[in-house]
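So the sequence shown is residues 101 to 351, counted in our numbering.
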Amino acid sequence: MRYFVAFSYFGAAYHGWQIQPNANTVQEELEKAFSTLLKEKISLMGAGRTDAGVHAKQMYAHFNLATITDTKDLIRRLNSFLPDDIAVQNIYEVPEDAHARFNATERTYEYLISTQKDPFSLKTTHFIRQKLDLDKMNSAAQLLLGKQDFECFSKSKTDVKTYYCTVKKAIWEQKEDKFVFTITADRFLRNMVRAIVGTLLDVGTGKISINHINTILASKSRAEAGTSVPAKALYLTQVLYPDNIININNG
Numbered sequence: 101m102r103y104f105v106a107f108s109y110f111g112a113a114y115h116g117w118q119i120q121p122n123a124n125t126v127q128e129e130l131e132k133a134f135s136t137l138l139k140e141k142i143s144l145m146g147a148g149r150t151d152a153g154v155h156a157k158q159m160y161a162h163f164n165l166a167t168i169t170d171t172k173d174l175i176r177r178l179n180s181f182l183p184d185d186i187a188v189q190n191i192y193e194v195p196e197d198a199h200a201r202f203n204a205t206e207r208t209y210e211y212l213i214s215t216q217k218d219p220f221s222l223k224t225t226h227f228i229r230q231k232l233d234l235d236k237m238n239s240a241a242q243l244l245l246g247k248q249d250f251e252c253f254s255k256s257k258t259d260v261k262t263y264y265c266t267v268k269k270a271i272w273e274q275k276e277d278k279f280v281f282t283i284t285a286d287r288f289l290r291n292m293v294r295a296i297v298g299t300l301l302d303v304g305t306g307k308i309s310i311n312h313i314n315t316i317l318a319s320k321s322r323a324e325a326g327t328s329v330p331a332k333a334l335y336l337t338q339v340l341y342p343d344n345i346i347n348i349n350n351g
């Protein structure tokens, strides 16, 4: 049988999702927990890769197993075994060809900017001292919508077949002393969101004009875009799948 597992994690202690040599990763911790409790080798395929230090409020992975007799008990035991910064919310039986990565239709990230120095949010938001122009940042964000080549916002030497992504939503909202950037797309390149945020902050602080975003996109050069903002304030908040896999979007 094939199953999807829904989980979340606070990524500060991890070198991202994917297993890497000589580095602590979320995938390694989850596979160790599943394999230990189920007494067989369990491999997980995640919905995507998050970079070192990035958090996930909603993430999925799939795995194969003959059967699970008591899902609720397995979830309880997993959460007892896992570190405090990783939590399993649910496990779903899905069609045998369902794929956590390739069947995902869209993903949403949020980036949190703090405009007031706050020691209690120091590790979860990115503090900006300069005044930010919300309207300008939103106007610039609209230039990112649609299917475009986002090579300029991708980490160099990335092994991908295409740099095209379809951005469905890109918006800034101000919530008290914080600015929240939300972006939804069918796929994301490595470092893409953090590079986009850094570039939009350049617009918000007046370093570059709104229309300069088009110039950056056309250049396809990472050197033309802004600085990547820190990973600590980036959150994967939602991954969606077609209902014919399982209606996990409402669950």
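Beta carbons: idealized from backbone N, C-alpha and C, even for Gly.
The model shown is predicted, which means the values in this text are computed figures rather than measured ones.
- At the C-beta level, L138 and L182 stay beyond 9 Å of one another.
- In this model, A270 and E140 are separated by some 43 Å (Cα to Cα).
- When secondary structure is reduced to three states using DSSP, A198 falls in the coil class, being assigned neither helix nor strand.
- The bridge partners DSSP lists for A285 are R207 and V267.
- Here DSSP, grouped into helix, strand and coil, assigns H312 to helix.
- Taking C-beta atoms under 8 Å as the contact rule, E206 and D286 qualify, at a distance of about 6 Å.
- DSSP places S108 in the uninterrupted beta strand (DSSP E) bounded by R102 to Y109.
- Shown here for S256: same chain residues with a beta carbon closer than 6 Å to its own, the five before and five after excluded, namely R322 in chain order.
- Under DSSP, no beta-bridge partner is assigned to D170.
- Listed in chain order, the non-local C-beta contacts of M145 below 8 Å within the same chain comprise A161, H162, F163, H199, A200 and R201, local neighbours out to five positions each way being set aside.
- Pairing F281 with I228 gives a Cβ-Cβ distance that is not under 9 Å.
- Per the C-alpha coordinates, the member of F134, A331 and F104 positioned closest to K223 is A331.
- Of T315, E193 and F279, the smallest CA-CA separation from I345 is found for E193.
- Straight across, the Cα-Cα distance linking K247 with Y264 is about 6 Å.
- DSSP links A156 through a beta bridge to Y109 and L336.
- Taking the Cα positions, K261 is about 12 Å away from D249.
- The C-beta distance from G304 to D233 rounds to 5 Å, short enough to fall under 8 Å.
- Less than 9 Å separates the beta-carbon of I310 from that of A240.
- With a beta-carbon spacing of about 14 Å, A152 and L336 fall beyond the 8 Å limit used to define contacts.
- Of all alpha-carbon atoms in E210, R294, D343 and V126, the one lying nearest the alpha-carbon of T284 is that of E210.
- Under a 10 Å Cβ-count criterion, A333 is classified as buried, with 16 or more other Cβ atoms of the shown protein chains found around its own Cβ.
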